[in-house]
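Chemist: The structure's right below; bear with me while I get my questions together.
Residue numbers (this note's numbering): 15 to 259.
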């Protein structure tokens with residue numbers, strides 16, 4: 015009886031160790047994939063500090079995600095995210111379409127930098143759309159080829175959300191001033207699907223986030239104008255109130 019108990023205990027320990035090993039390896043695989051594919055899709059450096067993913071439930075967290083800026087922009091980064099909660103349907107990893115049940119981005123910090131050729135976030139979106147077009151998929155035109163291309167994995171995100179974010183406005187016209195406003199929340203469902211590449215899904219998500227950031231940045235710009243107008247009017251009022259000599 016004791017031997018059976020010890021055998022069962024040893025089995026539980028081995029399973030626990032195996033789960034930890036698999037979880038660590040999954041985290042490393044995801045980190046390497048994000049840091050390799052991110053720059054190809056976005057045209058900007060991408061780093062990810064840490065990934066935890068349960069090999070049993072498929073739930074996990076991405077920590078320290080930083081998306082840099084495309085060439086030509088000077089701010090330190092375009093997007094910084096402390097944590098992203100994810101839930102992956104593990105059984106889908108063996109199918110043609112990987113299903114991610116939830117991607118919840120919490121408290122991201124975006125920088126909307128305005129340059130001579132547009133904004134950094136718009137450039138990231140354009141880069142993702144270009145990568146999606148090159149990857150092909152359901153939205154791309156069929157192109158004849160001598161040999162059929164090897165099918166790549168498709169991606170479906172059932173629920174995507176961005177909450178509690180901030181967007182900072184950076185532009186030469188602000189004279190070095192730092193202006194930050196709240197980023198309106200974003201919530202999308204069923205991003206991508208069969209024959210939709212990860213690049214297409216990234217482009218869809220970026221379109222929504224970029225539109226939200228654009229609105230926030232425009233409001234920020236309006237605040238700058240209001241502040242400037244208030245300063246000018248106060249100065250003029252002070253001049254008019256002074257007694258004439």
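All residues carry an ideal CB built from backbone N, CA and C; glycine is no exception.
Cα separation between residue 88 and residue 168?
Modeler: As a working mapping, residue 88 is identified with position 74 in the chain shown. As a working mapping, residue 168 is identified with position 154 in the chain shown. Approximately 34 angstroms between the Cα atoms of the pair.
Chemist: Kindly indicate which residue of 97, 94, 208, 132 has the alpha-carbon position closest to the one of residue 113.
Modeler: One-based indexing of the chain shown puts residue 113 at position 99. That would be 208, whose Cα lies nearest to the Cα of residue 113.
Chemist: Would you list the one or two residues that DSSP bridges to residue 132?
Modeler: The count along the chain shown starts at 1 and reaches residue 132 at position 118. Bridge partners of residue 132: 129.
Chemist: What residue from 51, 59, 173 has the CA that sits closest to residue 92's CA?
Modeler: Residue numbering aside, residue 92 sits at position 78 when the chain shown is read from its first letter. Ranking 51, 59, 173 by Cα distance to residue 92 puts 59 first.
Chemist: Suppose contacts are defined by Cβ-Cβ distances below 7 angstroms. Is residue 64 in contact with residue 80 by that definition?
Modeler: By 1-based counting over the chain shown, the position of residue 64 is 50. By 1-based counting over the chain shown, the position of residue 80 is 66. No, Cβ-Cβ distance for residue 64 and residue 80 is not below 7 angstroms.
Chemist: Quick check on this structure: which residue in 184, 213, 205, 83 has the alpha carbon closest to the alpha carbon of residue 166?
Modeler: Position 152 of the chain shown, counting from 1, holds the residue named residue 166. Selected option, being the one with the closest Cα: 213.
Chemist: So which of 45, 84, 83 has the shortest CA-CA distance to residue 66?
Modeler: Position 52 of the chain shown, counting from 1, holds the residue named residue 66. It is 45.
Chemist: For the candidate residues 86, 57, 48, whose alpha-carbon lies nearest to that of residue 76?
Modeler: If you number the chain shown from 1, residue 76 lands on position 62. If we check each option's Cα against that of residue 76, 48 comes out closest.
Chemist: Within the continuous beta strand (DSSP E) that includes residue 120, where are the two ends?
Modeler: Within the chain shown, residue 120 is the residue found at index 106, counting from 1. Segment 111-120, the beta strand (DSSP E) holding residue 120.
Chemist: Checking 7 angstroms against the spacing of the C-beta atoms, do residue 183 and residue 193 come in under that value?
Modeler: Within the chain shown, residue 183 is the residue found at index 169, counting from 1. Within the chain shown, residue 193 is the residue found at index 179, counting from 1. It is a contact, given that the beta carbons lie within the stated cut-off.
Chemist: What residue ranges within the stretch 72-100 form continuous alpha helix (DSSP H) runs of no fewer than 4 residues, ordered along the chain?
Modeler: none
Chemist: Helix, strand or coil for residue 140, going by three-state DSSP, please let me know.
Modeler: For this step, residue 140 is matched to residue 126 along the chain shown. Here residue 140 sits in helix by DSSP.
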